[in-house]
Amino acid sequence: MTDALRDEDGFADIRSYAAIGDGRTVALVALDGSIDWYPTPDLDSTPSFARLLDADEGFMALAPAGEFSVERRYVDGTNVLETTYTTATGTARVTDSLNTGVAGRLPWGELARRVDGLTGAVDMAWSVTPGSCFGSASPWLDGDADDPVLRIDAVGLGIRGIDHGLRTPSGQTVDGAFTTSAGSRHLVAVVSTHGEPLPLPDPQTIDDGVDRTIRNWQSWSDDFAYDGDYRHAVLRSALTLKLLLHSPSGSIAAAATTSLPESAAGGKNWDYRYAWVRDTAYTLHSLTRAGLREEVHAAVSWMLKNLRSQGSDLEVFTHLNGDMPQGTHRPDLTGWRNNGPVVDGNPAAGQLQLGVFGDVFDIVWQYVQAGHVLDPATMRQLADLADLTCDIWQRRDAGMWELPEERHYVTSKLGCWNALRCAVALAERGQLQGPVERWAAERDRIRDWVHEHGWSEERQSYIWYPGSTELDASILLHAISGFDTGPRMSSTIDALRDELGAGPLLYRYSGMREEEATFVACAYWMVSALVSVGRRDEAVDLMEELLPLANDVGIMSEMVEPSDNSFMGNIPQGLSHLALIVAALSIAGKE
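The working numbering numbers the first residue of the sequence shown as 851 and each following residue consecutively.
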């Protein structure tokens, strides 16, 4: 099996990656035991290990020295990964953890890889080979032979271990080899900091930290409120979304990676390591329904403070710390499977996306519905945004899909409809003050506009924009929002499945069958929409078809190529996992 895990250029399938994290960053572990992605100190930092995007850009390998077969799973209720290797001479288990502390996130990165001998004897080999941080620095070896440190610009990587067979370090790699036996325990760990002193904890303390991290994750999962159908898949998706929550700020990243292509043809390679208002809204919609409190409050508070600093010029996304995007950079890397470009940054910054107004209000409405109250500054801020929505909804915009052509996209108008719907509802709850009559009147004007200009008698479907007969799967979100749950939406569902469907999966909009893979979230939106229009049995059948498309440990990427179910796009993708949660909640009748 070993030879089949990577292609001749050294790249693994996107489907092969599992994710681990500590509330600040995420590492991706391939089936062959190589950690090919690890940004430090934050998820949106430049990665020290980036073999995911270039075979020469660094990794941390740990696996049997010879041929092996592999099985893996997450420890129940955690984001700690267990991989069991079987060789001709024995079996060994590797437990991968980004350790957390006694009181939460550690003030340094602690990537721990514990090895337990199970049966027989297994020869294990490991190496730590950092890359060039996207071509910005050259690694160098520091420290002594027993306590080696690798440095890449401001990043320090300290190598610690227990019975790990450390070889005398040289060059730009630290490596070693050892043999397991039944009951043996080994550890290889990387401790990291950025622009600050580097602690070198006792290796036994790091090993103990693996157990503490398991307990921390399981304690969180024990409080997870959902106990309906598909609980295992819902909990795994919630745990995956938890990996994308940036605990220092409260923001939520759209995905953990950049530049993984949306199709084998390439060209659509984007950086999703940012906090989108849209993705935050959908994530909070899921987490609120699942009964999570701390993460929801942190994300709502972060978003509102961030938006307050922007005034009326709402940015559709920011850095995880709230800073404004500063353009894009294309480092000289090959890209995954030589399918570049690699992009550091996202060109959608500065776009007008009207849907963001609906996203902001939907977040706040979910928060208030959960029993919380707004502060006076937030009330004033939202009243101003509601007034702005009344005027701005008539403009063309880039749409939900961040397109270069500005048009009167129907779902953008519906985002504004949803904003004003929520504004009126907040006012009725006593959580907003302002010209409610105007908000209600403009809400109804948008509804009438959509019924007149956004419906095609020819297609018997809501359309992408006026004057076209093209379709857009994001209209499904407005079955979920309640805009239309009647015959027109039901007919639209049939039109979408006919034109954009590929088995259980769905393309984003007309014409994409030739340009990219199917968008996973759209298929789960279809499940929720089917429930909304009263077609629950069909929704259940579709859900049963979709769930097996996740990888072996339940992780989902942005897109799936329907011809072979291979993963495309960034991973793990928040929209995919949160759409699964909403679909399960819809089927369970908890929406």
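Note that the Cβ used here is the ideal one computed from N, Cα and C, for glycine as well.
query = In whole angstroms, what is the alpha-carbon distance linking residue 1104 and residue 1095?
reply = For the purposes of this step, residue 1104 is identified with residue 254 of the sequence shown, where counting begins at 1. For the purposes of this step, residue 1095 is identified with residue 245 of the sequence shown, where counting begins at 1. Going by the C-alpha atoms only, they are around 9 Å apart.
**Prompt:** Are the beta-carbon atoms of residue 881 and residue 862 separated by less than 8 Å?
**Reply:** For the purposes of this step, residue 881 is identified with residue 31 of the sequence shown, where counting begins at 1. For the purposes of this step, residue 862 is identified with residue 12 of the sequence shown, where counting begins at 1. Cβ atoms of residue 881 and residue 862: closer than 8 Å.
**Message:** Quick check on this structure: which residue in 1020, 1251 and 974 has the alpha carbon closest to the alpha carbon of residue 993?
**Reply:** The residue labelled residue 993 in the question sits at position 143 within the sequence shown. With distances taken between Cα atoms, residue 993 lies closest to 1020.
| field | Beta-carbon proximity check, residue 932 vs residue 1112, cutoff 8 Å | value | Your numbering for residue 932 matches position 82 in the sequence shown. Your numbering for residue 1112 matches position 262 in the sequence shown. In this structure, residue 1112 does not lie closer than 8 Å to residue 932 by Cβ.
By the 10 Å Cβ neighbour count, where 16 or more other Cβ atoms means buried, how is residue 1234 classified, buried or exposed?
-> Position 384 of the sequence shown holds residue 1234. The residue is exposed, with fewer than 16 neighbouring Cβ atoms inside 10 Å.
- Message: Could you check if residue 1002 belongs to the surroundings of the ligand COA, using beta carbon to heavy atom distance under 7 Å?
- Response: This structure lacks the ligand COA; in fact it carries no ligand of any kind.
Checklist line | Selected residue, minimal CA-CA separation from residue 951, among 1414, 1134 and 1061 | finding: Locating residue 951 in the sequence shown gives position 101, where the first residue counts as 1. Closest by C-alpha distance to residue 951, out of 1414, 1134 and 1061, is 1061.
Checklist entry - So what does DSSP say about residue 1108, is it helix, strand or coil? => result Here the question's residue 1108 lines up with position 258 in the sequence shown. It is a strand residue.
Answer with buried or exposed for residue 1241, where buried requires no fewer than 16 other C-beta atoms within 10 angstroms of its C-beta. Residue 1241 sits at position 391 when you count from the first residue of the sequence shown. Residue 1241 counts as exposed, since fewer than 16 other beta carbons sit within 10 angstroms of its beta carbon.
#### Entry: Distance between beta carbons of residue 896 and residue 940, contact taken as under 8 Å
Working through the sequence shown from its first residue, we reach residue 940 at position 90. Working through the sequence shown from its first residue, we reach residue 896 at position 46. The Cβ separation is near 39 Å, so there is no contact.
Q.
Suppose you measure from the CA of residue 1434 to the CA of residue 1329; what does that come to, to the nearest Å?
A. As a first step, residue 1434 is located in the sequence shown; it is residue number 584 there, counting from the start. As a first step, residue 1329 is located in the sequence shown; it is residue number 479 there, counting from the start. Going from the Cα of residue 1434 to the Cα of residue 1329 covers about 15 Å.
Worksheet item: Would residue 1389 pass as a contact of residue 1397 if the rule is Cβ separation under 8 Å?
Response: Walking along the sequence shown from the start, residue 1389 turns up at place 539. Walking along the sequence shown from the start, residue 1397 turns up at place 547. Remark: C-beta atoms of residue 1389 and residue 1397 do not approach each other more closely than 8 Å.
Nearest to residue 1035 by CA position, among 972, 886 and 1080, is which residue? Mapped onto the sequence shown, residue 1035 falls at position 185. Looking from the CA of residue 1035, the closest CA among 972, 886 and 1080 belongs to 972.
- request: Round the Cβ separation of residue 1393 and residue 1400 to the nearest angstrom and send it over; I've been treating them as touching at under 8 Å.
  value: Translated into the one-based positions of the sequence shown, residue 1393 becomes position 543. Translated into the one-based positions of the sequence shown, residue 1400 becomes position 550. Contact between residue 1393 and residue 1400 is ruled out by a C-beta separation of about 12 Å, above the 8 Å threshold.
- prompt: Hey, would you say residue 1050 sits closer than 8 Å to residue 1001, going by beta carbons?
  reply: As a position in the sequence shown, residue 1050 is number 200, starting the count at 1. As a position in the sequence shown, residue 1001 is number 151, starting the count at 1. For residue 1050 and residue 1001, no; Cβs fall outside 8 Å.
Practice task
Compare the Cα-Cα distances from residue 1116 to each of 1053, 946 and 1189 and report the closest residue.
Solution key: Your numbering for residue 1116 matches position 266 in the sequence shown. Out of 1053, 946 and 1189, the CA that lies nearest to the CA of residue 1116 is found in 1189.
Can you give the Cα-Cα distance for residue 1022 and residue 961, rounded to whole angstroms? As a position in the sequence shown, residue 1022 is number 172, starting the count at 1. As a position in the sequence shown, residue 961 is number 111, starting the count at 1. For residue 1022 and residue 961, the distance between alpha carbons rounds to 19 Å.
I need the straight-line Cα distance from residue 974 to residue 1145, nearest angstrom please.
Sequence index remark: in the sequence shown, residue 974 carries index 124 (1-based). Sequence index remark: in the sequence shown, residue 1145 carries index 295 (1-based). Pairing residue 974 with residue 1145, the inter-Cα distance amounts to about 39 Å.
Should residue 1364 be labelled buried (16 or more other beta-carbon atoms within 10 Å of its own) or exposed? Start at 1 with the first residue of the sequence shown, and residue 1364 comes out as number 514. Burial call: exposed.
- Query: Nearest to residue 1220 by alpha carbon, out of 1137, 1175 and 1172?
  - Reply: One-based indexing of the sequence shown puts residue 1220 at position 370. Of 1137, 1175 and 1172, the smallest CA-CA separation from residue 1220 is found for 1137.
Spell out a yes or no on whether the stretch 1083-1094 and the stretch 1423-1437 are touching, meaning 3 or more CB-CB pairs, one atom from each, closer than 8 Å.
Judged by Cβ distances under 8 Å, the stretch 1083-1094 makes contact with the stretch 1423-1437, as three or more pairs qualify.
In or out: residue 1323 buried (at least 16 other Cβ within 10 Å) or exposed? Residue mapping note: residue 1323 aligns to position 473 of the sequence shown, counting from 1. By the 10 Å Cβ count, residue 1323 comes out buried.
Measure the alpha-carbon distance for residue 1187 versus residue 1119 and round it to whole angstroms. Numbered from 1 along the sequence shown, position 337 holds the residue referred to as residue 1187. Numbered from 1 along the sequence shown, position 269 holds the residue referred to as residue 1119. If you take the alpha carbons of residue 1187 and residue 1119, they lie about 13 Å apart.
For residue 1101, which of 1331, 1152 and 1185 has the nearest alpha-carbon?
Taking the sequence shown and counting its residues from 1, the one referred to as residue 1101 is at position 251. With distances taken between Cα atoms, residue 1101 lies closest to 1152.
| request: List the endpoints of the continuous beta strand (DSSP E) containing residue 1008. | output: Numbered from its first residue, the sequence shown carries residue 1008 at position 158. That run of the beta strand (DSSP E) goes 1005-1012.
Worksheet entry | Residue interval of the beta strand (DSSP E) (run including residue 887) | For the purposes of this step, residue 887 is identified with residue 37 of the sequence shown, where counting begins at 1. Note, residue 887: beta strand (DSSP E), 885-889.
Closest by C-alpha distance to residue 954, when choosing among 1409, 1097 and 1419: Position 104 of the sequence shown, counted from the start, is the residue given in the question as residue 954. Residue 954 has its Cα closest to that of 1097, out of 1409, 1097 and 1419.
Assuming contact is defined by CB atoms lying nearer than 8 Å, are residue 1063 and residue 947 in contact in what I supplied? Against the sequence shown, residue 1063 aligns to sequence position 213. Against the sequence shown, residue 947 aligns to sequence position 97. Yes; because the gap between Cβ atoms is below 8 Å, this pair is in contact.
Of the residues 1030, 1007 and 1047, which one's Cα is nearest the Cα of residue 1039?
Working through the sequence shown from its first residue, we reach residue 1039 at position 189. Answer by Cα proximity: 1007.
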